[in-house]
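To keep things clear, I will list the structure first and then write my remarks on it.
Chains as they are written, first to last, in the working numbering: chain G, 375 to 802; chain C, 375 to 802.
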């Protein structure tokens, strides 16, 4: 029998060739619609959401790992994430079997289908999990190098530790928001190089950061590191991340303890969590690591993901977005398994639903840089838009949309998008 | 009628003169005991815990703000914290009135008293709240100066931003643990100054940090800063904090994004949350702030707290602890109201149960330094213990206990203690 990843299988639900959500994807998310009560778990298929609560109520999710009524109770993905790969693979198989072209159960039951398959345009998406811990890495060598050159010159671009460990810091969990949330321009302290004292006001150097993130599946006990060979079993799936940044606030505040208010006003994520299972066919070799990392960071196999990433900008004066960056997840120097193994090597405990993001993903060419800071080189090289406008940093009314997908042979396994619009600073 | 803070009132529960928990304190915590089911909310009085679930079930918590059965349902303090000062003041008043020497309701009902008042020695304490966000400040000028001198010399000890804003970073919420939890020595990467490459192994420079922290009461909406004049209404109460630190790991990893694995293996807190109401009589003027901070950080009134703090060390070879530091919360340069106002000025949302810690609290004299890093001056001046041992950093078997109290006229409003013992590194 075909596996859920088989490129040949098709669903009875119509799926366009460039859709991000063919039957080979089946990403999980949390949604609601006004007529149907509170949030529940769904799976994206074509332009529809498959309601797992409805399937559970119809006794169509009978497996050996999860209780058949499991998804009647779930309002977020935390508990499902915590059940691990066996539960995820089972549900993925059950749903794939229900959605196949040749499977009559759902296809031929009009009343059930109408309940279970809801047009995506009619639902509201929520955060996929209660995120109690959010960590942001700094895993793109190109990004770290670019920022290092701007700060310290080309001779000392990478810090001495950078090639030895995946640098990271804790971000703010409470201000992770779902795609579509507007982002008011934050206030803060900034200090011009030639000013004697800091000033207060709305940030003038507002930026996006093109990132990807993963959700933790089963956690680990405090004091018990996860060996790198088991790291993938603790990862549920991935999303797109825009880690909004106020560069002028960051510059003044970040020494010596790292970014704080420059980042914690908002971090946006895409709503559909693409499982490691769906991404399996798109694993490739990552960049060669030289020097070889310490043993606890050494893994075998390919742990980079070939995910094409794009950033689109639409200004208040334009009616269509314009692509301003094209990067790829495969450029990341440190893999998600290395990130997770490093995070826990001191015994730090991860929990189901924790979010670990990659840091800005920049590629080797200027077109592939993942932030305005790099695209306009610290404001020194504002870039032109087709509207005739120029940008060094984000202006009020600018909408940033990040999209990403893996290109298969005749189909895509995609992430949808994460989008957000900059609003003028609120009165303070 | 006397207020709950009146030094003259006494409880029918015996309270020693040096007890941290007289009727003037009434701190809130979460406890369980094997015979009584799951965690519930309690209040410390003398050597007892008053069980608020039992009081609610006996209809003895009838007020105007909270539902009478509120504490039947609570397994942590988050929801109570979120209800704000009016609910807190009401419950405080109701409990004070029940515990007074001249109040017969509980005093003269033996069966009820036996259920409601449990010896503290018989209960297990839990984290007072589900902590979803933990922020650590760096608010002691003496500590920041000491560390700055060690790192950069006396000319550039304080970073340029330090006097203008309360520097902070996000810590790890999942690894905040309750007092009494043992702390295995963490593994990690370190690099000696003269080594060409980093090494891996157990941290050799393990440290404590003497801190205090506060729990957020009602939160704020994302995008809506809390003005400093309203900050206190968003603060529930305070605890003692020991922010364990691996200095060798920190030194190698922290550039440029701040401490990560050096801190997130464990942060210990004391179990009893002392309310701002109980601390009210001990508010004093803090250090003069020069330069005057920006308007959003200016507050009127006294917002420092006169809390005497002590650190005690007991080694594996000794049978009694020895005091190694005596500091005071009043030394903090940035007040808790300034911390909260700064944290939200960019719109960052705080939630009930979030923990904000002060950073290491060092005083002006060497005896008042709040970390081994400072007490033994980066390992260069190991200090002698009365047992004949010396210490530069913590050794396996060392137990660190932090205690703190406000000294009233004939009574103390105290925090109990936060304690933890260093275990040898686990096999990795």
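Every residue gets a Cβ at the ideal spot worked out from N, C-alpha and C, and that includes glycine.
Sub-8 Å separation of residue 609(C) and residue 590(C) beta-carbons: Less than 8 Å separates the beta-carbon of residue 609(C) from that of residue 590(C).
Within 8 Å, strictly: CB atoms of residue 581(C) and residue 795(C): One thing to note: residue 581(C) has its Cβ no nearer than 8 Å to the Cβ of residue 795(C).
Backbone CA spacing between residue 390(C) and residue 783(C) [nearest angstrom]: Straight-line spacing of the CA atoms in residue 390(C) and residue 783(C) works out to 14 Å.
Closest Cα partner of residue 644(G) within the set 657(G), 663(G), 587(G): Selected option, being the one with the closest Cα: 587(G).
Burial state of residue 747(G), where buried means 16 or more other Cβ atoms lie within 10 Å: By the 10 Å Cβ count, residue 747(G) comes out buried.
Alpha carbon of residue 401(G) to alpha carbon of residue 649(G), nearest angstrom: Their Cα atoms are separated by approximately 6 Å.
Under the three-state DSSP convention, the category residue 655(G) falls into: Looking at residue 655(G) - three-state DSSP - the assignment turns out to be helix.
Any alpha helix (DSSP H) of 4 or more consecutive residues that is wholly inside the region 421 to 482 of chain G: Qualifying alpha helix (DSSP H) stretches, in chain order: 426 to 431, 444 to 447, 452 to 457, 459 to 473, 478 to 481.
Simplified DSSP assignment, three categories, for residue 549(G): In this structure, DSSP gives residue 549(G) a state outside helix and strand, which the three-state scheme calls coil.
Euclidean distance between Cα positions of residue 571(C) and residue 536(G): Taking C-alpha positions only, residue 571(C) is separated from residue 536(G) by approximately 12 Å.
Endpoints, the alpha helix (DSSP H) within which residue 718(C) is located: Residue 718(C): member of the alpha helix (DSSP H) spanning 710 to 718, first to last residue.
Nearest candidate by alpha-carbon position, reference residue 651(C), set 470(C), 414(C), 584(C), 409(C): The residue with the shortest Cα to Cα distance from residue 651(C) is 470(C).
Any non-hydrogen atom of the ligand FMN within 7 Å of residue 625(C) CB: Annotation note on the ligand FMN: not contained in the displayed structure, which lists no ligands.
Distance, residue 606(G) Cα to residue 450(G) Cα: Rounded to whole angstroms, residue 450(G) to residue 606(G) spans 21 Å at the Cα level.
Chain-order list of residues whose beta-carbon lies under 7 Å from that of residue 706(G) (same chain, five-residue window excluded): Answer for residue 706(G): 513, 514, 660, 678, 732, 735, listed in chain order.
Neighbour-count burial assignment, residue 525(C), 16 or more Cβ in a 10 Å radius: Classified as exposed, residue 525(C) has fewer than 16 neighbouring CB atoms from the shown chains inside 10 Å of its CB.
Contacts that residue 626(G) makes with chain C (C-beta to C-beta distance below 7 Å): Within 7 Å Cβ-Cβ: 535.
Same chain only: Cβ atoms within 7 Å of residue 575(G), ignoring 5 sequence neighbours per side: The residues are 561.
Own chain partners of residue 518(C) with C-beta closer than 7 Å, once the 5 adjacent residues on each side are dropped: Taking C-beta separations shorter than 7 Å and ignoring five residues to either side along the sequence, the partners of residue 518(C) in its chain run 512, 532, 536, following chain order.
Nearest-angstrom beta carbon gap, residue 416(G) and residue 425(G) [assumed within contact, 8 Å]: Indeed they touch by this definition, with Cβ atoms about 5 Å apart.
Where the region 755 to 782 of chain G meets chain C: residues whose CB sits under 7 Å from a CB there: For the region 755 to 782 of chain G, which is checked against every Cβ of chain C, not one residue is closer than 7 Å.
Per-residue burial, residue 327(G) [other beta carbons within 10 Å of its own, 16 or more giving buried]: Residue 327(G) falls outside the range modelled here, since chain G spans only 375 to 802, and no answer is possible.
Within-8 Å CB hit, residue 398(G) to chain C: Residue 398(G) does not count as touching chain C.
C-beta contact flag for residue 387(G) and residue 420(G) at 8 Å: Going by beta carbons, residue 387(G) and residue 420(G) fall inside the 8 Å limit.
Residue 533(G) (DSSP reduced to helix, strand or coil): Of the three classes helix, strand and coil, the one that applies to residue 533(G) here is coil, per DSSP.
Contact belief for residue 547(C) with residue 510(C) at Cβ below 8 Å, rounded distance in angstroms: 11 Å between Cβ atoms; not a contact.
Residue 552(G) versus residue 504(G) - alpha carbon distance: Looking at the two C-alpha atoms, the distance is approximately 12 Å.
Cβ neighbours of residue 440(G) in the same chain (closer than 7 Å, five flanking residues each side left out): Short of 7 Å from the beta carbon of residue 440(G), and not among the five residues preceding or following it, lie these beta carbons of its own chain, in chain order: 457, 461, 464, 465.
Positions along the region 536 to 548 of chain G whose CB lies within less than 7 Å of some CB in chain C: Hits within the stretch, in order: 538, 539, 541, 542, 543, 544, 545, 546, 547, 548.
Start-to-end residues for the beta strand (DSSP E) that takes in residue 355(C): Since the first residue of chain C shown is 375 and the last is 802, residue 355(C) is not available in this structure.
Rounded straight-line distance, which links the Cα of residue 738(G) to that of residue 422(G): Looking at the backbone, the Cα of residue 422(G) and that of residue 738(G) are separated by about 37 Å.
Spatial neighbours of residue 489(C) in its chain, beta-carbon cut-off 6 Å, leaving aside the 5 residues before and after: Once the five neighbours on either side are set aside, the close Cβ partners of residue 489(C) are 428.
Under 8 Å between C-beta atoms of residue 719(C) and residue 599(C): The Cβ atoms of residue 719(C) and residue 599(C) lie closer than 8 Å to each other.
Status (buried if at least 16 other CB within 10 Å, exposed otherwise) for residue 627(C): Label assigned to residue 627(C): buried.
Coil, strand or helix - residue 799(G) by DSSP: Secondary structure of residue 799(G) (DSSP, three-state): coil.
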